[in-house]
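Going down the list, the sequences are from chains H and S.
Okay, so the first sequence: first residue is 2 according to our numbering, each after it adds one.
Okay, so the second sequence: first residue is 479 according to our numbering, each after it adds one.
Structure, as structure tokens:
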Amino acid sequence: MHIYKTHVLVCEGNVDAIKYSYDIFNEFEYGIKKNKLTNEVKIIKTKCLELCENNSIIIVYPEGAIYENVQRNDVDEIINEHLLKGRIVKRLLVNKSNENNNSYETADFFKKQTRIALRNCGVINPEIIDEYIAYDGYKALGTVVTTMEPEEVIDIILESGIRGRGGAGFLTGKKWLFTAKAKGNIKYVCCNADEGDPGAFMDRSVLEGDPHSIIEAMAIAGYAIGSNQGYIYVRAEYPVAVQRLNIAISQAKKLGLLGSNIFKSNFTFNLELRLGAGAFVCGEETALMTSIEGKRGEPRPRPPFPAIKGLFQKPTVLNNVETLANIPMIINKGAKWFKSIGTLSSPGTKVFAIGGKINNTGLVEIPMGTTLREVIYDIGGGIPNGKKFKAAQTGGPSGGCIPTQYLDIPIEYETLSNIGSMMGSGGLIVMDEDNCMVDIAKFFLEFSVDESCGKCPPCRIGTKRMYEILEKITKGKGEMDDISKLEELAKVTQSASLCGLGKTAANPILSTLKYFRNEYEEHILEKKCKAGVCKELLDYLIIEKDCKGCTKCKKACPVNAISGAIKKPHVIDQNACIKCGACLEACPFDAIIRK
Amino acid sequence: MESLKELNKFKNIAIKNMNAKKNNQGYKIIIGMATCGIAAGGKKIMKAFKEALKIRNIHIPISITGCVGVCRLEPMADIIDEKGNKTTYIMLTPEKVTKIVQSHIINGQIVAEYTINSANSIF
């Protein structure tokens with residue numbers, strides 16, 4: 002049997018149209034013969050395809066293109082364009098009325114954002130340098146190297162007022178200035194891509210979606226401070242980011258955008274990756290540099306600051322991924338433009354990774370000064386299932402909880418630290434009424450206990466002791482003086498720890514104690530967890546009048562703590578109960594409650 | 479790269495190449511391939527697009543991109559037409575891909591129920 006490449010189906014239409022479809026059919030047959038396509042194309046007459054309001058539907062396979070209202074003089078075009086050249090004749094396709102607002106940019110979620118650091122994420126192909134250049138990539142580096150003095154570059158960054166996006170919010174321009182002024186011929190530029198906060202992933206997103214922006218920004222920093230060597234310290238847990246960075250670096254080298262004599266100048270800059278093994282403390286600047294040197298990642302006392310004595314004891318500038326992603330845009334559009342976004346003390350935008358009890362989890366980039374309410378309700382879409390907002394945690398394990406009364410404060414570095422939280426790297430975890438704040442504090446502290454490097458005792462021992470007290474409280478064994486013990490320990494850890502990790506580890510406890518002290522007291526005095534989270538403080542009870550005695554709960558209980566005869570109300574033995582909740586799920590009559 | 483002028487020249491060529499109709503349909507497909515996209519099945523979607531196009535004998539460039547921030551809607555794909563109109567499809571499955579290729583790429587009909595606007599009720 003001969004196999005045809007293409008099939009043309011001509012609809013016979015209804016009775017009135019048969020004559021007409023014969024014309025079309027004949028026209029096709031003639032055209033196909035004329036173009037010597039008889040061995041490739043088969044024309045088939047079909048019964049009404051019922052696709053048509055108008056008759057004369059033609060379908061061409063293998064594509065499956067459906068043409069409507071085909072006239073005799075259209076046949077030539079279909080043969081020439083579609084059958085011969087393989088181009089579908091768009092003007093003859095069925096009903097072309099399409100709305101054009103189906104792209105993600107038109108969704109409300111995006112309309113309220115201002116994208117600077119994430120400008121290319123989801124737009125360009127990160128593995129092709131051409132696409133980055135098509136979006137003005139490496140223009141800033143070219144401008145800087147060919148037309149500006151290093152001091153001018155630092156001036157622009159200083160004037161823009163951009164502050165470190167890694168958490169502390171130190172002026173980036175000042176960092177560059179100090180390093181540029183430091184004595185020494187060898188200096189380094191480092192990029193902190195050791196993103197460790199639970200729930201934050203904006204750095205990964207930039208590295209994966211726009212790696213060239215980091216390379217370009219680091220080269221600019223290198224030119225500004227007089228450095229020829231850069232290191233990107235990236236977590237090994239980000240394999241896609243590592244792969245794309247490697248591709249990007251080799252592409253930039255190939256085009257002469259990294260290496261020696263960039264843009265025919267005397268400026269030489271090389272870039273290398275260093276993989277972190279996943280220690281949270283290596284996101285701290287001195288520990289990160291120690292780790293790049295090949296030693297165990299532990300912090301050291303400051304001063305001397307990295308700007309004077311950093312990597313390999315040389316002056317070093319260390320910037321966060323998100324900070325660097327802003328730099329090319331500041332050079333291209335000017336400091337004034339950047340200052341016009343955000344607020345006076347915190348210009349620009351900040352990326353937040355919204356998570357927890359919120360409808361639209363994901364990454365958002367907002368101008369500084371946006372209120373928490375706008376982020377959570379307008380962009381984030383509010384809390385699911387109509388629950389009430391209780392608190393938002395910013396800054397991960399180093400940050401604090403922000404309660405309802407501060408929903409309307411503008412998000413800035415100072416306002417957040419004034420209310421006991423911090424900007425941090427931009428994790429934003431939303432909590433509703435079902436979250437127990439003591440449990441939340443315990444969760445973040447557990448993270449700090451695990452990640453404490455152990456070098457200094459206040460952090461190593463302090464976090465552990467605080468964790469033990471919190472555990473005691475959530476198990477219903479807390480006493481009132483535990484709260485004062487917690488406060489004392491928190492203050493010591495805060496003031497005596499060596500690095501930022503220890504200094505901020507107590508923040509989750511201090512802020513929850515400040516705003517949700519009543520919950521701590523409930524746990525200690527009433528031995529109750531109203532949010533229903535702390536297992537040991539819960540009681541499962543059978544409501545006698547609702548219980549039909551179906552025995553389902555009795556069968557579901559793994560420890561045989563439920564007794565009762567068939568069709569008689571059952572009872573849970575509270576001493577034997579392990580609070581697993583199996584009975585609650587098994588009960589078909591909602592007769593079991595958790596208190 | 480020796481000068482800003484040369485960079486600019488390179489840029490213009492890059493823009494031209496990005497917009498070039500290297501294919502017979504004038505479409506371009508971009509699939510979200512950040513960690514979130516890959517984890518949600520982006521590679522399977524890429525394969526499904528390639529297969530669906532191949533059996534229909536259609537050549538369209540398929541590109542990848544990073545994360546746009548709505549990781550919960552991955553796997554996502556943008557289809558850009560010759561005029562530059564972008565349609566974002568969300569939460570794709572190989573079955574949805576077949577329908578999108580058939581309906582949108584062949585017959586120019588956007589599959590409204592799979593686009594990001596269909597998720598707007600939860601935005």
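For each residue, glycine too, the CB sits at the ideal point set by N, CA and C.
Do residue j and residue i count as a contact pair if the criterion is CB distance below 9 Å?
i               : j               : result
L312 of chain H : Y378 of chain H : no
A354 of chain H : G428 of chain H : yes
S399 of chain H : T505 of chain H : yes
I542 of chain S : E128 of chain H : yes
K358 of chain H : D435 of chain H : yes
I507 of chain S : P539 of chain S : yes
K37 of chain H  : V9 of chain H   : no
S346 of chain H : S422 of chain H : no
I332 of chain H : A141 of chain H : yes
H28 of chain H  : V76 of chain H  : Residue 28 of chain H is actually Glu in this sequence, not His. Cβ distance < 9 Å, so E28 of chain H and V76 of chain H count as in contact.
A393 of chain H : L373 of chain H : yes
A278 of chain H : I594 of chain S : no
Going by DSSP, name the residue or residues bridged to residue i.
i               : result
M432 of chain H : H:A392
P305 of chain H : Beta-bridge pairing links P305 of chain H to no other residue.
Q230 of chain H : H:Y189, H:N271
E1 of chain H   : Absent from the structure is residue 1 of chain H, since the part of chain H shown begins at 2 and ends at 596.
D109 of chain H : In DSSP, D109 of chain H forms no bridge with anything.
L499 of chain H : The partner list for L499 of chain H (beta bridge, DSSP) is empty, contrary to what the question assumes.
V572 of chain H : H:S564
T505 of chain H : Bridge partners of T505 of chain H: none, in fact.
Give the secondary structure of residue i by DSSP, where H, G and I count as helix, E and B as strand, and everything else as coil.
i               : result
T115 of chain H : coil
G533 of chain H : coil
K235 of chain H : For the sequence presented, residue 235 of chain H should be read as Val rather than Lys. The answer is strand: DSSP assigns V235 of chain H an E or B state.
I134 of chain H : helix
F601 of chain S : Here the model assigns F601 of chain S a pLDDT of 44, short of 50, so the residue's position is not dependable and the matter cannot be decided.
S161 of chain H : helix
S564 of chain H : strand
F517 of chain H : coil
N74 of chain H  : helix
A563 of chain S : Going by the sequence as given, residue 563 of chain S is Asn instead of Ala. It is coil, neither helix nor strand.
T148 of chain H : helix
R550 of chain S : helix
K489 of chain S : helix
L259 of chain H : coil
D24 of chain H  : helix
T39 of chain H  : coil
K296 of chain H : coil
A169 of chain H : coil
I593 of chain H : strand
G515 of chain S : helix
C402 of chain H : strand
I543 of chain H : strand
For the alpha helix (DSSP H) containing residue i, list its first residue and its last residue.
i               : result
S541 of chain S : Unbroken run through S541 of chain S is the beta strand (DSSP E), 540 to 543; no alpha helix (DSSP H).
G210 of chain H : 203 to 210
R461 of chain H : 458 to 475
I533 of chain S : 520 to 533
Please report the residue range of the beta strand (DSSP E) in which residue i lies.
i               : result
C12 of chain H  : 7 to 12
Y68 of chain H  : 66 to 68
I44 of chain H  : 42 to 47
Y62 of chain H  : 59 to 62
N320 of chain H : 317 to 321
I578 of chain S : Element bounds for I578 of chain S: not the beta strand (DSSP E) but the alpha helix (DSSP H), 572 to 578.
A555 of chain S : 555 to 558
K506 of chain S : 506 to 510
Assign residue i to buried or exposed, taking buried as 16 or more other Cβ atoms, counted over all protein chains shown, within 10 Å of its Cβ.
i               : result
Y516 of chain H : buried
V560 of chain H : exposed
T47 of chain H  : exposed
Y23 of chain H  : exposed
Q314 of chain H : exposed
L85 of chain H  : exposed
G425 of chain H : buried
I533 of chain S : exposed
A218 of chain H : buried
Q587 of chain S : buried
G138 of chain H : buried
R166 of chain H : buried
Return yes when at least one heavy atom of the ligand PLP lies under 8 Å from the C-beta of residue i, else no.
i              : result
E41 of chain H : The ligand PLP is not among the ligands present in this structure, which contains no ligands whatsoever.
Does residue i have its Cβ less than 9 Å from a Cβ in chain A?
i               : result
G586 of chain S : Judged by its chain identifiers, the structure shown contains no chain A, and its protein chains are H and S.
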